[in-house]
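A.B. asks:
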Amino acid sequence: MNKLLVLTKVLLRNSLDSFGKVPKTKKQLGKTIFLAVLLFLAFSPMVAGFGYLIARSYDALAAIGQAGVLLHLSLSVVSMIIFVFGLFYVISIFYFSKDIENLLPLPFRPWQILGAKFLVTLCYEYFTELIFLAPVFIAFGLKSGAGILYYLYGLILFLTLPMIPLCLASMIMMVLMRFTGLVKNKDRFRMIAGIGGLLFGLGINIFFQKFAGTAFQGEQLVKLIMEGNNSLLKLSFGIFPQTRLGALALVSGGWEGLMDLFWFLLITAFGIALFSFLGEALYFKGVMGVSETAARRKVLDDQGLAKATVPGSVIKSYTLKELRVLFRTPVYFMNCVLMNFIWPVFLLIPFFAQPNLRHQLSQVEGLINHPERMGFVLTGVFALSAFVTASNLITPTALSREGGNIFVAKYLPVSYKKQLLAKVLAGVVMGLVGTCMMLLVGAVLIHPPGYLLILSLLSGLWGVLFSALSGMVLDVHFPKLHWDNEQKAVKQNMNGIISILISAVCASLTVFGAVKLHLGLWSAFLAIMIVFGVINGLLYLYLSTRGVKLFSALEK
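Residue numbers (the numbering used here): 138 to 693.
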């Protein structure tokens, strides 16, 4: 156990150092404080919004004796979010981090290495809970006038809730990664395993939601609601039924709540024990040779050589090079490329889980196709496009991903301006992929008019360009070049978080402005094209001048 704690401390300190060194000067301290204040201000509206939503919903549900369902639903949703994020964290931290090569020769058992990495991942998930779950607990406690036991039980649940989702994500990935040593192209298999694990987890969630939706229907559901006394807690939401025990513990309190909490903790302990058992049996077999890569050797004849060396556009070639690196590096593929394909899947999950929702699409279709609301739809597509592009983290980490190889850019016969432009275009391409897929899903489900789709695509392009350019400007100013594995360059890079916040704020202000000014379709379209056309032009101009100077001054 002592080895586990020491290793956890080392890995956690290494992870925290990756976000930035401890400030030693007043300038560095001021920058750190400014960043902390910026993050607090950025997340405060979201946290306050969740708390306000719970407070408003509490009154309506408490009137029929069903307020406890808010806790159950919140615990289930947060568990699912942690599970999805956990799949990315597990495959990156457990398998793709370069510290594996240093840890394997040391006298550690598999469960000790796994346990340390699990605890580090758990710390990341606590941040997710602070945003999504903490405001729910606080708002519910204040509205219900809960006593000290509620907050004590809530603290225990807050600390233990992520363990089962993380254990499930870890076990899925360990089983899949066990076969890494049996294939030649390990990088490709790891990417396929990551995608398979994510689809498997989402498939299980769809199955459980569909089962829960068909278990109580019609008169049964009405009867359940009319019973009061939080009878809706009998329903199961998602793939983590133990969350019902957590909700019951908070609602019941006292001895009865303590017993529910005991069973919740017992299930959690069983999940950790199963995780440790599988880790002892599978982890080393899956992680051996994790740094090996496959190379394809092809002999070219004179004709093939001439065809492969035909001169072309420098920007096009460099953009393709950026995309190849993103697709071929497992960590970059999972965190930068795959994210563009996940958002449409999330839109489709409710329709697979609850087929009855398909009958309600006609009402949604009527609302969207109404002439007075098309302007809101257009700004909504713009906002989604900007957010999806920022969340793929391609441009806010473009220079950071170069790491110690940044000096190579100094020797390439390509101008700094063209290199920056190519990196932006790589982000634009993947952002457009995500936007087009969401528009395709919307076109299949809702059947909007063709001209609305075309205008939405054009406004979405402006949102993609804004996020890509602003992310690149951010990374030129604050590149993270000191890292020892690709995971830190992407997921542990503050540039990505700040880029998402910038895009989210600008997108929200755009939607708010359209709603407040009651913009129609064409007025909203012209407003987006003019305002963000000017902003994108200024960002490009800044990147082409000041950005080039900052790039040229970079040193490892």
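Just so it is clear, CB atoms sit at the ideal spot from N, CA and C, and this is done for glycine as well. All values derive from a computational prediction rather than experimental measurement.
Is the number of C-beta pairs between the region 515 to 527 and the region 643 to 658 that are closer than 8 Å three or more?
C.D. replies: In short, these stretches touch, since the Cβ pair count reaches three.
A.B. asks: Excluding the 5 residues flanking VAL525 on each side, which residues of the same chain have their C-beta closer than 7 Å to its C-beta?
C.D. replies: Within the sequence shown, numbered from 1, the residue matching residue 525 stands at position 388. Once the five neighbours on either side are set aside, the close Cβ partners of VAL525 are ASN477, TRP480, GLY568, GLY571 and THR572.
A.B. asks: Could you name the residues of the same chain whose beta carbon sits closer than 8 Å to that of GLU266, not counting the 5 residues immediately before and after it, in chain order?
C.D. replies: For the purposes of this step, residue 266 is identified with residue 129 of the sequence shown, where counting begins at 1. The residues are VAL215, ILE219, PHE295, LEU298 and PRO299.
A.B. asks: With distances taken between CB atoms, is the gap from LEU606 to LEU676 smaller than 8 Å?
C.D. replies: Numbered from its first residue, the sequence shown carries residue 606 at position 469. Numbered from its first residue, the sequence shown carries residue 676 at position 539. Going by C-beta atoms, LEU606 is nearer than 8 Å to LEU676.
A.B. asks: With DSSP collapsed to three states, give me the class of GLY157.
C.D. replies: The sequence position of residue 157 within the sequence shown is 20, counting from 1. Because GLY157 sits at a pLDDT of 49, beneath the cut-off of 50, its placement in the model cannot be relied upon, and the point is left open.
A.B. asks: Would you decide whether LYS146 is buried or exposed? Buried here means 16 or more other CB atoms lie within 10 Å of its CB.
C.D. replies: Within the sequence shown, numbered from 1, the residue matching residue 146 stands at position 9. Looking at its Cβ environment, which holds fewer than 16 other Cβ atoms inside 10 Å, LYS146 is exposed.
A.B. asks: Quick check: the Cα distance between ILE710 and TRP392, rounded to an integer number of angstroms?
C.D. replies: With the chain represented from 138 up to 693, any question about residue 710 goes unanswered, as that position is not in the structure.
A.B. asks: Indicate whether VAL311 and LEU419 have their beta-carbon atoms separated by less than 8 Å.
C.D. replies: As a position in the sequence shown, residue 311 is number 174, starting the count at 1. As a position in the sequence shown, residue 419 is number 282, starting the count at 1. According to the sequence provided, residue 311 is Met. The question's Val does not apply to it. The answer is yes: Cβ separation under 8 Å.
A.B. asks: Which first and last residues belong to the alpha helix (DSSP H) in which THR258 is found?
C.D. replies: Here residue 258 is taken as the residue at index 121 of the sequence shown, counted from 1. Counting along the chain, the alpha helix (DSSP H) containing THR258 begins and ends at 247 to 269.
A.B. asks: Check LYS686 in the structure and name its three-state DSSP category.
C.D. replies: Along the sequence shown, one-based indexing puts residue 686 at 549. Correct three-state label for LYS686: helix.
A.B. asks: Buried or exposed, going by whether 16 or more other CB atoms sit within 10 Å of the CB of ASN630?
C.D. replies: Counted from its first residue, the sequence shown places residue 630 at position 493. So ASN630 counts as buried.
A.B. asks: Is it right to say LEU656 is buried, meaning 16 or more other beta carbons lie within 10 angstroms of its own, or is it exposed?
C.D. replies: Taking the first residue of the sequence shown as position 1, residue 656 is located at position 519. With 16 or more Cβ atoms within 10 Å of its Cβ, LEU656 is classed as buried.
A.B. asks: Given a threshold of 16 other Cβ atoms within 10 Å of its Cβ, counted over all protein chains shown, does LYS458 qualify as buried or as exposed?
C.D. replies: One-based indexing of the sequence shown puts residue 458 at position 321. Result: exposed.
A.B. asks: Any idea what DSSP makes of ALA200, helix, strand or coil?
C.D. replies: Taking the sequence shown and counting its residues from 1, one reaches residue 200 at position 63. Note: ALA200 maps to coil in three-state DSSP.
A.B. asks: Am I right that ASP134 and SER552 are in contact with their C-beta atoms under 8 Å? What's the rounded C-beta distance?
C.D. replies: Since the first residue of the chain shown is 138 and the last is 693, residue 134 is not available in this structure.
A.B. asks: Starting from THR647, trace the alpha helix (DSSP H) both ways and give me its first and last residue.
C.D. replies: Taking the first residue of the sequence shown as 1, we reach residue 647 at position 510. Here the alpha helix (DSSP H) through THR647 covers 631 to 654.
A.B. asks: To the nearest angstrom, how far is the alpha carbon of THR534 from that of THR258?
C.D. replies: Stepping through the sequence shown from its first residue, residue 534 is reached at position 397. Stepping through the sequence shown from its first residue, residue 258 is reached at position 121. About 21 Å.
A.B. asks: Using C-beta distances below 8 Å, list every residue in its chain close to ILE191, excluding the 5 sequence neighbours before and after it, in chain order.
C.D. replies: By one-based count along the sequence shown, residue 191 stands at place 54. The answer, listed in chain order, is LEU207, SER211, PRO272, VAL273, ALA276, PHE277 and LYS280.
A.B. asks: Between the Cα of SER234 and those of TYR469, TYR195 and TYR287, spot the shortest distance and give me the residue it belongs to.
C.D. replies: For this step, residue 234 is matched to residue 97 along the sequence shown. SER234 has its Cα closest to that of TYR469, out of TYR469, TYR195 and TYR287.
A.B. asks: Leaving out five residues on either side along the sequence, give the residues of the same chain with a beta carbon under 7 Å from the beta carbon of VAL159.
C.D. replies: Counting from one through the sequence shown, the residue named residue 159 turns up at place 22. For VAL159, the predicted structure reports a pLDDT of 49, less than 50, and the residue's modelled location is therefore unreliable. The matter cannot be settled from this model.
A.B. asks: I need the DSSP call for GLN624, collapsed to helix, strand or coil.
C.D. replies: Your numbering for residue 624 matches position 487 in the sequence shown. Reduced to three states, the DSSP call for GLN624 is helix.
A.B. asks: Using C-beta distances below 6 Å, list every residue in its chain close to GLY564, excluding the 5 sequence neighbours before and after it, in chain order.
C.D. replies: What you label residue 564 is simply residue 427 of the sequence shown in a count that begins at 1. So the list reads ILE531, THR532 and ALA605, once near-sequence residues are dropped.
A.B. asks: Between LEU562 and PHE649, what straight-line distance do the alpha-carbon atoms span, to the nearest angstrom?
C.D. replies: Here the question's residue 562 lines up with position 425 in the sequence shown. Here the question's residue 649 lines up with position 512 in the sequence shown. Computed Cα separation, rounded: 29 Å.
A.B. asks: Contact check, LEU558 vs ILE452 under 8 Å by CB: the rounded distance?
C.D. replies: On the sequence shown, position 421 is the one that residue 558 refers to. On the sequence shown, position 315 is the one that residue 452 refers to. 6 Å between Cβ atoms; contact.
A.B. asks: Could you name the residues of the same chain whose beta carbon sits closer than 6 Å to that of SER640, not counting the 5 residues immediately before and after it, in chain order?
C.D. replies: Here residue 640 refers to the residue found at position 503 when the sequence shown is read from its first residue. Closer than 6 Å at Cβ, skipping near neighbours: ALA523, PHE524, ALA527 and SER604.
A.B. asks: Would you please state the rounded distance, in angstroms, between the beta carbons of TRP599 and ILE665? I believe it to be under 8 Å.
C.D. replies: Against the sequence shown, residue 599 aligns to sequence position 462. Against the sequence shown, residue 665 aligns to sequence position 528. At roughly 6 Å, the Cβ-Cβ gap stays under 8 Å, so TRP599 and ILE665 are in contact.
A.B. asks: Output the distance between the C-alpha atoms of ILE667 and ALA185, rounded to the nearest integer angstrom.
C.D. replies: On the sequence shown, position 530 is the one that residue 667 refers to. On the sequence shown, position 48 is the one that residue 185 refers to. Their Cα atoms are separated by approximately 33 Å.
A.B. asks: Ignore the nearest five residues each way along the sequence and tell me which others in PHE412's own chain have a CB closer than 7 Å to its CB.
C.D. replies: Position 275 of the sequence shown, counting from 1, holds the residue named residue 412. Cβ within range, chain order: CYS304, SER307 and MET308.
A.B. asks: DSSP three-state label for ARG315, please.
C.D. replies: By 1-based counting over the sequence shown, the position of residue 315 is 178. Coil, per DSSP.
A.B. asks: Taking a contact to mean a Cβ-Cβ separation below 8 Å, would you say LEU463 touches CYS473 in this structure?
C.D. replies: The residue labelled residue 463 in the question sits at position 326 within the sequence shown. The residue labelled residue 473 in the question sits at position 336 within the sequence shown. Going by C-beta atoms, LEU463 is nearer than 8 Å to CYS473.
A.B. asks: Quick one: measure Cβ to Cβ for THR394 and LEU286, integer angstroms, because I've assumed they're closer than 8 Å.
C.D. replies: Looking up residue 394 in the sequence shown gives position 257. Looking up residue 286 in the sequence shown gives position 149. Note on residue identity: the sequence assigns Gly, not Thr, to residue 394. Going by Cβ atoms, the distance from GLY394 to LEU286 rounds to 7 Å, so yes, they are a contact pair.
A.B. asks: Taking 7 Å as the limit between beta carbons, can you name the residues of its chain near LYS560, skipping five residues before and five after?
C.D. replies: Residue 560 sits at position 423 when you count from the first residue of the sequence shown. These residues qualify, in order along the chain: GLU459, THR532, ALA535 and MET609.
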